[in-house]
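K.L.:
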Amino acid sequence: MAQEDHPQADLTKAGGARPILYSFRRCPYAMRARMAIAASGQRCELREVVLRDKPAELLAASPKGTVPVLVDVDGRVIDQSLDIMLWALRRNDPESWLQPGGATLDEMLALVAECDGEFKAHLDGYKYPERNPVADAGAHRERGALFLARLEEGLAVTRCLHGEHAAFADIAIAPFVRQFAQVDAAWFESQPWPRLRAWLAERLAAPVFAQVMQKYPPWRAGQPGFDFPG
Ligand SMILES: N[C@@H](CCC(=O)N[C@@H](CS)C(=O)NCC(=O)O)C(=O)O
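Here my numbering is used: the first residue of the sequence shown is 1, the next is one more, and so on.
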């Protein structure tokens, strides 16, 4: 068993008064939600989803069928990753991710919106050129790189995106930069972005990242989910 596999002995009882988090390990939206939940100390029941075989319970909670989805103990459904981050951090934010000192929450959300909008579209065009044969992966890489070059400029002023410490935007954006970097690691390494690379390396080396990248077997109806964070 790989070291990061979750031991079966940690299976927790189904039900119970814990929010349920439908998640998918490799989804960058789910990663950011899991990091905020882990940092907040909020405990959840994690249900790992197979995207091509989504559980009926997930679709009943949120028919749009994306992860992450959080079902709170009162039945409230939160089906956007940023809202799940805010839900967790507004309960408990020991690392001040919502108040980095160098920006307001609205300013951080504006940067994250650029990531989720234009940058994500170019990331997809670059990463999955086969999904749109007319699109040119190289052009998408160039356009996505504009966002990354801007991050590099900001990181020349402060170590993290909005100050010296990681905060909401760093956590929300890093999983997408990670994906972009992984498409062609040699190309990414060759770009004039030393601060961005250091920033990404730091995000990926943070204990909270390792914590949320543990592997869980897919959840099946009638079975207990896993205690998260484990
Ligand atoms: N805006 C949503 C986007 C979530 C999203 O698109 N998640 C992807 C996985 S990374 C998904 O569930 N896709 C549905 C599918 O592939 O069937 C959020 O922020 O939570």
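Even for Gly, the Cβ is constructed at its ideal location relative to N, Cα and C.
All values derive from a computational prediction rather than experimental measurement.
(1) Hey, would you say Met233 sits closer than 8 Å to Phe209, going by beta carbons?
(2) DSSP has Leu126 in a bridge; who is on the other side?
(3) Compute the distance between the beta-carbons of Val50 and Pro192, then report whether it is under 8 Å.
(4) Please state whether DSSP places Leu109 in a helix, a strand or coil.
(5) DSSP on Cys115, reduced to helix/strand/coil?
(6) Check whether the Cβ atoms of Leu196 and Leu148 sit closer than 8 Å, and answer yes or no.
(7) Taking the C-alpha atoms as reference points, what is the distance between Pro236 and Ala156?
(8) Taking Tyr29 as part of the alpha helix (DSSP H), name the residues at either end of that continuous run.
(9) Since Phe119 and Gly154 are thought to touch, with beta carbons under 8 Å apart, how far apart are those beta carbons, to the nearest angstrom?
(10) Have a look at Arg47 and Glu57 and give me their C-alpha separation to the nearest angstrom.
(11) Taking the C-alpha atoms as reference points, what is the distance between Asp53 and Ala221?
(12) Between Cys160 and the rest of its own chain, which residues show a CB-CB distance below 6 Å, the 5 nearest in sequence each way excluded?
(13) In chain order, what residues of the same chain have a beta carbon less than 7 Å from the beta carbon of Pro129, not counting five sequence neighbours either side?
(14) Where does the unbroken alpha helix (DSSP H) through Arg141 begin, and where does it stop?
(15) What distance in whole Å lies between the Cβ atoms of Val71 and Ala61, which are believed to be in contact at a cut-off of 8 Å?
(16) In its own chain, which residues sit with a C-beta less than 7 Å from the C-beta of Leu123, not counting the 5 before and 5 after it?
(17) Could you give the first and the last residue of the continuous beta strand (DSSP E) run that contains Phe228?
(18) For Asp83, count the other beta carbons within 10 Å of its own beta carbon; 16 or more makes it buried, fewer makes it exposed. Which is it?
(19) Using DSSP bridges, identify the partner residues of Arg47.
(20) Please enumerate, following chain order, all residues with a beta carbon closer than 5 Å to at least one heavy atom belonging to ligand 2.
(21) What do you get for Glu164, buried or exposed, if any count of 16 or more other CB atoms within 10 angstroms of its CB means buried?
(22) Is the separation between the beta-carbon of Ile37 and that of Cys44 shorter than 8 Å?
(23) Quick one: is Arg241 buried, meaning 16 or more other Cβ sit within 10 Å of its Cβ, or exposed?
P.N.:
Taking the definition as stated:
(1) Since the first residue shown for the chain is 1 and the last is 230, residue 233 is missing from the structure and cannot be characterised.
(2) Stepping through the sequence shown from its first residue, residue 126 is reached at position 126. Note on identity: in this sequence residue 126 is Tyr, with Leu being the wrong assignment. DSSP lists no partner for Tyr126.
(3) What you label residue 50 is simply residue 50 of the sequence shown in a count that begins at 1. What you label residue 192 is simply residue 192 of the sequence shown in a count that begins at 1. Cβ atoms of Val50 and Pro192: not closer than 8 Å.
(4) The sequence position of residue 109 within the sequence shown is 109, counting from 1. Note: Leu109 maps to helix in three-state DSSP.
(5) Here the question's residue 115 lines up with position 115 in the sequence shown. It is helical.
(6) Counted from its first residue, the sequence shown places residue 196 at position 196. Counted from its first residue, the sequence shown places residue 148 at position 148. Closer than 8 Å, so yes.
(7) Examination of residue 236 is not possible in this model, given that the chain is present from 1 through 230 alone.
(8) If you number the sequence shown from 1, residue 29 lands on position 29. Pro28 to Ser40 is the span of the alpha helix (DSSP H), which, as asked, contains Tyr29.
(9) Position 119 of the sequence shown holds residue 119. Position 154 of the sequence shown holds residue 154. Between Gly154 and Phe119 the Cβ distance is about 14 Å, and since that is not below 8 Å, they are no contact.
(10) The residue given as residue 47 occupies position 47 in the sequence shown. The residue given as residue 57 occupies position 57 in the sequence shown. Going by the C-alpha atoms only, they are around 10 Å apart.
(11) The count along the sequence shown starts at 1 and reaches residue 53 at position 53. The count along the sequence shown starts at 1 and reaches residue 221 at position 221. Distance between the alpha carbons of Asp53 and Ala221: 12 Å.
(12) The count along the sequence shown starts at 1 and reaches residue 160 at position 160. For Cys160, where only same-chain residues beyond five positions count, the Cβ hits under 6 Å are Ala166 and Asp170.
(13) If you number the sequence shown from 1, residue 129 lands on position 129. Excluding residues within five positions, the ones whose Cβ falls inside 7 Å are Ala135 and Ala137.
(14) Reading the sequence shown from its first residue, position 141 is the one you call residue 141. Unbroken alpha helix (DSSP H) run through Arg141: Ala137 to Leu155.
(15) Residue numbering aside, residue 61 sits at position 61 when the sequence shown is read from its first letter. Residue numbering aside, residue 71 sits at position 71 when the sequence shown is read from its first letter. With a Cβ gap of about 5 Å, Ala61 and Val71 count as contacting.
(16) The residue you call residue 123 lines up with position 123 of the sequence shown. Answer for Leu123: Gly144, Phe176, Gln179 and Phe180, listed in chain order.
(17) As a first step, residue 228 must be located in the sequence shown, where it is residue number 228. Start and end: Phe226 to Phe228.
(18) Working through the sequence shown from its first residue, we reach residue 83 at position 83. Asp83 comes out exposed.
(19) Taking the first residue of the sequence shown as position 1, residue 47 is located at position 47. Arg47 pairs with Tyr22.
(20) Among the ligands present in this structure, namely ligand 1, ligand 2 is not found.
(21) Taking the first residue of the sequence shown as 1, we reach residue 164 at position 164. Its Cβ having fewer than 16 others within 10 Å, Glu164 is exposed.
(22) Within the sequence shown, residue 37 is the residue found at index 37, counting from 1. Within the sequence shown, residue 44 is the residue found at index 44, counting from 1. Yes, the pair counts as a contact, with Cβ atoms nearer than the cut-off.
(23) For the chain, the structure presents residues 1 to 230; residue 241 sits outside this window and is missing.
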